[in-house]
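Read through the structure below, which is laid out as structure tokens, and then see the notes.
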Amino acid sequence: DMHGMIKGRYKLGVAHIFPTNDEVGEFSKSRFKPLIANNKTFIGKYVKDQKGGTDTTSLKKVCSAFLYLRGARLSQKIGDSAESTSSKTAGFSVDKCVFDEVDYMDVDVIEKYKGRMGESPHKREVYLGNPSHEDFGIDLIFKQSDQRYWFRRCSCGHWTCAEKSFPECVKIRSDGTGYIGCDKCGKELPMWAGEGSAEWVADFPEKTKFMSGYMGSQLMSPRVDPAEILEDYVNPPFGNLADVYRLRLGRAYSAREDKLRITDVLANCGNDSQATKHSGPCAMGVDVGKEYHATIIGIKTGRERYEIIKTCKAKGFQEVTDLARRYNVKSDVADIGPYYEAARKYQKNSGHKTFL
Ligand SMILES: [Zn+2]
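The structure is reproduced here in structure tokens:
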């Protein structure tokens with residue numbers, strides 16, 4: 001950011017967005033000020049604190065361009081309206097937005113800040129973050145990018161990517177410390193050993209024009225022993241494998257039970273009203289209950305693809321049987337309990353393949 005501003009490439013300026021205002025202050029104090037203090041000749045002389053910066057929004061002037069440090073929480077709500085407003089996202093123009101820890105930001109906040117680049121010829125978006133859940137936030141953004149991974153070249157000629165070969169790439173020395181070894185010959189591969197020793201390689205180079213994505217992990221850090229990462233992976237501290245994936249390996253992690261999200265379900269919904277009958281062949285599931293039997297009927301639309309065409313509460317097995325006929329159900333699954341006798345009778349008379 002600083003470089004582009006000092007060189008005058010970003011004439012309007014740059015916005016660096018953090019999830020909350022606390023992080024704005026934290027960044028300003030712990031990262032920004034030391035950066036300037038330690039680089040007085042190169043950067044420090046270009047930076048000036050500006051009036052208009054408050055405790056919650058920080059404003060710096062770099063040469064003639066502004067650096068806006070802002071929080072992404074828009075807390076002001078008007079009445080019951082879901083529309084939230086904030087002075088933070090209004091009244092300034094930038095060439096570049098950096099979203100830091102995007103998984104903790106609302107999508108509409110990101111959109112509001114992106115709107116601040118309307119007058120820029122550059123309109124650069126940068127997203128940073130530790131991944132949290134799969135197909136969410138930074139993980140989803142990375143999947144839309146050209147997906148670059150760090151490959152290390154061995155003297156045997158083979159290229160190894162620690163992030164892709166983990167855990168096999170971690171080799172243990174006799175003293176118990178670890179290192180990243182070549183996939184082919186096992187020789188130790190540092191993260192960087194000079195020109196030509198390693199490089200970013202895109203999985204999808206055809207997407208580079210749209211977006212470049214870089215995947216990093218602690219396996220790339222010379223300060224972290226890979227043996228410790230392997231140990232945490234095999235025996236997660238406090239049983240928390242999610243944190244090992246997210247913080248050490250830089251990968252998103254979703255436990256099986258929370259993998260299905262409301263947004264995923266809604267994304268798969270159409271506006272079609274429920275069909276009152278269907279020529280089938282359909283499949284049916286029946287969740288047998290005391291008040292009603294929750295019934296769901298669907299059709300296979302492709303390999304591993306299904307479409308739900310009817311969900312309803314059926315009063316008893318007779319109604320379930322009628323539904324099955326109307327939708328040409330060829331097979332179904334129903335609870336055997338707690339009404340075992342009725343379930344077996346239904347199975348016998350359903351007229352299609354019924355699993356209990
Ligand atoms: Zn090798």
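Per UniProt numbering, the very first residue in the sequence shown carries number 1; after that it's consecutive.
C-beta atoms are modelled at their ideal positions from N, C-alpha and C, and glycine is treated no differently.
Sequence-distant residues of its chain with Cβ nearer than 7 Å to residue i (five each side left out)
i	result
residue 122	10, 95 and 96
residue 207	145 and 146
residue 117	94, 95, 97 and 123
residue 182	154, 156, 158, 160 and 189
residue 27	18 and 69
residue 35	43
residue 358	The chain is shown from 1 up to 356; residue 358 falls before or after that span and cannot be answered.
residue 314	292, 293, 295, 320 and 323
residue 339	288
residue 222	191
residue 2	43 and 62
residue 243	none
residue 353	330 and 331
N-terminal and C-terminal residue of the beta strand (DSSP E) that residue i is part of
i	result
residue 311	305-314
residue 13	13-18
residue 293	293-302
residue 353	353-355
residue 275	Counting along the chain, residue 275 falls outside any beta strand (DSSP E), and DSSP gives it neither H nor E.
residue 149	148-153
residue 65	65-71
residue 127	124-128
residue 172	170-172
residue 290	Looking at the DSSP string, residue 290 is not in any beta strand (DSSP E), and its letter there is neither H nor E.
residue 332	329-334
residue 48	47-49
residue 58	58-62
Proximity of residue i and residue j at Cβ, strictly below 8 Å
i	j	result
residue 350	residue 321	yes
residue 147	residue 203	yes
residue 14	residue 98	yes
residue 160	residue 173	no
residue 273	residue 133	no
residue 178	residue 230	yes
residue 250	residue 216	yes
residue 114	residue 125	yes
residue 47	residue 61	yes
residue 219	residue 163	yes
residue 131	residue 37	no
residue 299	residue 226	no
residue 201	residue 149	yes
residue 90	residue 5	no
Enclosing alpha helix (DSSP H) for residue i [first to last residue]
i	result
residue 27	21-27
residue 344	340-349
residue 140	137-144
residue 165	162-165
residue 6	2-6
residue 36	33-38
8 Å Cβ shell around residue i - same chain, five flanking residues per side excluded
i	result
residue 326	276, 277 and 278
Same chain only: Cβ atoms within 6 Å of residue i, ignoring 5 sequence neighbours per side
i	result
residue 16	69 and 98
residue 72	17, 19, 105 and 109
residue 12	93, 94, 95 and 120
residue 128	100
residue 346	317
residue 83	Bear in mind that the predicted position of residue 83 carries a pLDDT of just 48, short of 50, making it unreliable; the figure below should be weighed with that in mind. So the list is empty, once near-sequence residues are dropped.
For this session: Could you pull out every unbroken alpha helix (DSSP H) segment of at least 4 residues lying fully inside the region 174-258, listed in chain order?
Result: 226-234
For this session: Take every Cβ of the region 332-341, pair it with every Cβ of the region 287-296, and state whether three or more of those distances are shorter than 8 Å.
Result: yes
For this session: Could you tell me whether the region 151-170 touches the region 272-290, using the rule of 3 or more Cβ pairs below 8 Å?
Result: no
Problem set entry | Residue list, Cβ distance to ligand 2 heavy atoms smaller than 5 Å | In the structure shown, ligand 2 is absent; the only ligands present are ligand 1.
For this session: Any chance you could list the beta strand (DSSP E) runs of at least 3 consecutive residues sitting entirely within the region 85-117, in chain order?
Result: 96-100
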